[in-house]
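Quick note on numbering: the sequence shown equals residues 372 to 522 in this note's numbering. First up is the structure itself, then whatever we jot down about it.
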Amino acid sequence: MFEDDIGFHFIDLDHVTLLNPEHAEMPIYVPSLRSTLSIGHFVVVSNDNGKSIVGKIIGRSKDPDYQQHSINVCCYLPLFSAETIEHINNPALIPRRICSTQCLEVVELVNICKGARVNISSIANIAFMFLEFEVNNHLYCIQGMMNAFVI
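Structural data, given as C-alpha coordinates:
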(Lines of atoms letter the chains of each structure in order from A and count residues from 1; the text may use other names and numbers.)
(Lines give C-alpha, C1' and ligand atoms only; values in the text may rest on other atoms or scores of the structure.)
Protein backbone atom coordinates (compact mmCIF):
# COMPACT_ATOMS: atom_id res chain seq x y z
CA MET A 1 0.00 0.00 0.00
CA PHE A 2 1.34 3.45 -0.84
CA GLU A 3 0.08 7.01 -0.70
CA ASP A 4 -0.17 8.92 -3.93
CA ASP A 5 0.14 12.65 -4.69
CA ILE A 6 -3.67 12.66 -4.73
CA GLY A 7 -3.70 11.64 -1.07
CA PHE A 8 -5.29 8.19 -1.26
CA HIS A 9 -3.70 4.93 -0.13
CA PHE A 10 -3.70 2.68 -3.19
CA ILE A 11 -3.56 -1.12 -3.03
CA ASP A 12 -2.52 -3.36 -5.93
CA LEU A 13 -5.45 -5.52 -7.02
CA ASP A 14 -5.31 -8.86 -8.76
CA HIS A 15 -7.41 -9.47 -11.86
CA VAL A 16 -9.71 -11.92 -10.06
CA THR A 17 -10.76 -9.19 -7.62
CA LEU A 18 -11.30 -6.71 -10.44
CA LEU A 19 -13.32 -9.07 -12.62
CA ASN A 20 -15.25 -10.87 -9.87
CA PRO A 21 -16.44 -8.47 -7.19
CA GLU A 22 -18.40 -10.07 -4.35
CA HIS A 23 -21.95 -9.39 -5.54
CA ALA A 24 -23.45 -11.62 -2.84
CA GLU A 25 -22.57 -9.10 -0.12
CA MET A 26 -25.33 -7.06 1.45
CA PRO A 27 -25.82 -3.47 0.23
CA ILE A 28 -23.87 -0.78 2.03
CA TYR A 29 -25.70 2.08 3.74
CA VAL A 30 -24.16 5.47 2.94
CA PRO A 31 -25.33 8.13 5.43
CA SER A 32 -24.31 11.10 3.26
CA LEU A 33 -26.54 9.83 0.42
CA ARG A 34 -29.26 8.50 2.74
CA SER A 35 -29.32 5.39 0.61
CA THR A 36 -27.88 1.94 0.21
CA LEU A 37 -25.47 1.08 -2.58
CA SER A 38 -24.67 -2.36 -3.94
CA ILE A 39 -21.41 -3.85 -5.06
CA GLY A 40 -20.65 -2.48 -8.53
CA HIS A 41 -21.95 1.05 -8.01
CA PHE A 42 -19.64 3.90 -8.98
CA VAL A 43 -19.09 6.59 -6.35
CA VAL A 44 -17.19 9.86 -5.97
CA VAL A 45 -14.90 9.61 -2.94
CA SER A 46 -13.35 12.71 -1.33
CA ASN A 47 -10.51 12.85 1.16
CA ASP A 48 -9.53 15.40 3.82
CA ASN A 49 -7.35 17.32 1.33
CA GLY A 50 -10.35 18.10 -0.88
CA LYS A 51 -9.16 15.73 -3.60
CA SER A 52 -11.54 13.20 -5.07
CA ILE A 53 -11.49 10.04 -7.15
CA VAL A 54 -14.12 7.86 -8.74
CA GLY A 55 -14.29 4.32 -7.46
CA LYS A 56 -16.30 1.21 -8.22
CA ILE A 57 -17.40 -0.56 -5.05
CA ILE A 58 -15.89 -4.06 -5.08
CA GLY A 59 -16.65 -5.13 -1.52
CA ARG A 60 -16.43 -4.46 2.17
CA SER A 61 -13.03 -4.18 3.78
CA LYS A 62 -11.70 -7.59 4.85
CA ASP A 63 -9.69 -6.09 7.72
CA PRO A 64 -11.68 -6.73 10.93
CA ASP A 65 -10.60 -3.35 12.37
CA TYR A 66 -12.19 -1.46 9.46
CA GLN A 67 -14.94 -3.82 8.29
CA GLN A 68 -17.90 -1.85 9.68
CA HIS A 69 -16.98 1.54 8.25
CA SER A 70 -14.79 0.86 5.21
CA ILE A 71 -15.23 -0.46 1.70
CA ASN A 72 -12.80 -1.36 -1.05
CA VAL A 73 -13.11 0.49 -4.35
CA CYS A 74 -11.43 0.00 -7.71
CA CYS A 75 -9.98 3.40 -8.58
CA TYR A 76 -10.55 5.43 -11.74
CA LEU A 77 -8.48 8.57 -12.29
CA PRO A 78 -8.74 11.38 -14.87
CA LEU A 79 -7.12 10.14 -18.07
CA PHE A 80 -5.29 13.34 -18.96
CA SER A 81 -4.12 14.28 -15.46
CA ALA A 82 -0.44 14.47 -14.54
CA GLU A 83 -1.05 12.36 -11.39
CA THR A 84 -2.50 9.55 -13.49
CA ILE A 85 0.51 9.03 -15.79
CA GLU A 86 2.53 7.19 -13.11
CA HIS A 87 -0.26 4.60 -12.76
CA ILE A 88 -0.60 3.79 -16.47
CA ASN A 89 1.59 0.95 -17.75
CA ASN A 90 2.27 2.52 -21.14
CA PRO A 91 1.61 6.30 -21.20
CA ALA A 92 2.50 6.42 -24.91
CA LEU A 93 -0.77 4.60 -25.69
CA ILE A 94 -3.11 7.21 -24.19
CA PRO A 95 -6.04 7.71 -26.59
CA ARG A 96 -7.11 11.02 -28.09
CA ARG A 97 -9.58 13.20 -26.24
CA ILE A 98 -13.25 12.83 -27.07
CA CYS A 99 -14.28 15.66 -29.38
CA SER A 100 -18.02 14.97 -29.42
CA THR A 101 -20.25 17.97 -28.74
CA GLN A 102 -22.36 15.77 -26.44
CA CYS A 103 -19.59 15.57 -23.87
CA LEU A 104 -17.51 18.71 -23.94
CA GLU A 105 -15.91 19.42 -20.55
CA VAL A 106 -16.68 15.87 -19.35
CA VAL A 107 -13.87 14.11 -17.49
CA GLU A 108 -12.53 10.97 -19.15
CA LEU A 109 -11.41 8.32 -16.66
CA VAL A 110 -9.09 5.35 -16.79
CA ASN A 111 -9.06 2.27 -14.55
CA ILE A 112 -5.62 2.19 -12.93
CA CYS A 113 -6.08 -1.42 -11.65
CA LYS A 114 -5.47 -0.31 -8.10
CA GLY A 115 -7.85 -0.26 -5.19
CA ALA A 116 -8.30 1.84 -2.12
CA ARG A 117 -9.88 1.22 1.25
CA VAL A 118 -12.12 4.20 1.93
CA ASN A 119 -14.35 5.14 4.81
CA ILE A 120 -18.05 5.07 3.97
CA SER A 121 -18.37 8.62 5.28
CA SER A 122 -15.96 9.86 2.58
CA ILE A 123 -18.40 8.92 -0.22
CA ALA A 124 -19.54 12.27 -1.58
CA ASN A 125 -21.90 11.24 -4.36
CA ILE A 126 -22.88 8.66 -6.96
CA ALA A 127 -20.93 8.76 -10.24
CA PHE A 128 -22.68 8.29 -13.57
CA MET A 129 -20.44 6.37 -15.96
CA PHE A 130 -20.79 6.25 -19.73
CA LEU A 131 -18.77 4.43 -22.34
CA GLU A 132 -17.32 6.52 -25.16
CA PHE A 133 -19.18 4.62 -27.88
CA GLU A 134 -22.50 5.11 -26.04
CA VAL A 135 -22.00 8.86 -26.06
CA ASN A 136 -20.83 9.01 -29.68
CA ASN A 137 -23.07 6.37 -31.30
CA HIS A 138 -26.27 6.79 -29.29
CA LEU A 139 -25.89 10.56 -28.92
CA TYR A 140 -26.25 10.62 -25.14
CA CYS A 141 -25.99 14.27 -24.20
CA ILE A 142 -24.09 14.38 -20.91
CA GLN A 143 -22.60 17.85 -21.22
CA GLY A 144 -23.44 19.82 -18.08
CA MET A 145 -24.51 16.73 -16.14
CA MET A 146 -23.08 16.63 -12.62
CA ASN A 147 -20.91 13.62 -11.75
CA ALA A 148 -20.96 12.28 -15.31
CA PHE A 149 -17.78 10.59 -16.51
CA VAL A 150 -16.65 8.71 -19.63
CA ILE A 151 -14.55 5.55 -19.47
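Note that beta-carbon positions come from the ideal geometry of N, C-alpha and C, so glycine has one too.
- No residue range can be given for Asn420, since it is assigned to no beta strand (DSSP E) and is classified by DSSP as neither H nor E.
- Rounded to whole angstroms, Val478 and Gly486 show a C-alpha spacing of 20 Å.
- The C-alpha of Ile424 is placed about 23 Å away from the C-alpha of Phe504.
- In its chain, beyond the 5 residues on either side, Val425, Leu480 and Asn482 have a beta carbon closer than 6 Å to the beta carbon of Tyr447.
- Remark: C-beta atoms of Val489 and Ser441 approach each other more closely than 8 Å.
- Taken through DSSP and simplified to helix, strand or coil, Glu479 comes out as strand.
- Under a 10 Å Cβ-count criterion, Leu450 is classified as buried, with 16 or more other Cβ atoms of the shown protein chains found around its own Cβ.
- Secondary structure note for Asp436: it is in no beta strand (DSSP E), with a DSSP letter that is neither H nor E.
- For a cut-off of 8 Å, the C-beta gap from Ile429 to Ile399 is around 11 Å, too long to register as a contact.
- The three-state reading of DSSP puts Ile399 in strand, counting E and B together.
- Between Phe413 and Ile497, the C-beta spacing is below 8 Å.
- Checking the DSSP bridge columns, you'll see Val521 partnered with Glu479 and Phe501.
- Rounded to whole angstroms, Met517 and Lys422 show a C-alpha spacing of 17 Å.
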